[in-house]
Amino acid sequence: MLAIRLPQDIENRLEALAAATGRTKTFYARQAILEHIDNLEDIYLAEQRLADVRAGRSKTMTLEELEQQYGVED
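Counting with our numbering, you get residues 2 to 75 for the letters of the sequence shown.
This is the structure:
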């Protein structure tokens, strides 16, 4: 179970959408979360990777190095 507080304008929009379509506010909140959670996870991982690179905990490689390592050179 998840309970969230939304700004009143968003709550009003959800209520209007639910009333117009016959679906629940929960349905639309769930849809929004499902559509965006992958992007949020990707952003978090990218930020973690950047922090690791900047702190010297992870190294980078050029495209050429990557191609050589995996034998996909042109």
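For every residue, glycine included, the Cβ atom is placed at its ideal position computed from N, Cα and C.
Check your understanding: By how many angstroms is the C-alpha of Q69 removed from the C-alpha of A4?
Key -> Residue mapping note: residue 4 aligns to position 3 of the sequence shown, counting from 1. Residue mapping note: residue 69 aligns to position 68 of the sequence shown, counting from 1. A4 and Q69 have their alpha carbons spaced roughly 50 Å apart.
Check your understanding: Could you give the distance in angstroms between the alpha-carbon of N37 and the alpha-carbon of T27?
Key -> As a position in the sequence shown, residue 37 is number 36, starting the count at 1. As a position in the sequence shown, residue 27 is number 26, starting the count at 1. Checking the sequence, you will find His at residue 37 rather than Asn. Approximately 16 Å, taken between the alpha carbons.
**Study point:** Helix, strand or coil at R149 according to DSSP, with G and I counted as helix
**Key:** What the structure shows of the chain is the stretch from 2 to 75, and residue 149 is not part of that stretch, so it cannot be assessed.
Check your understanding: How is E74 classed by DSSP in three states: helix, strand or coil?
Key -> As a position in the sequence shown, residue 74 is number 73, starting the count at 1. Coil, per DSSP.
Point to revise | Range covered by the alpha helix (DSSP H) that runs through A20 | key: Stepping through the sequence shown from its first residue, residue 20 is reached at position 19. From DSSP, the alpha helix (DSSP H) with A20 extends over 9 to 22.
Point to revise | Distance between beta carbons of Y29 and L7, contact taken as under 8 Å | key: In the sequence shown, residue 7 corresponds to position 6, counting from 1. In the sequence shown, residue 29 corresponds to position 28, counting from 1. With 8 Å as the limit, L7 and Y29 do not qualify as a contact, their Cβ atoms being about 11 Å apart.
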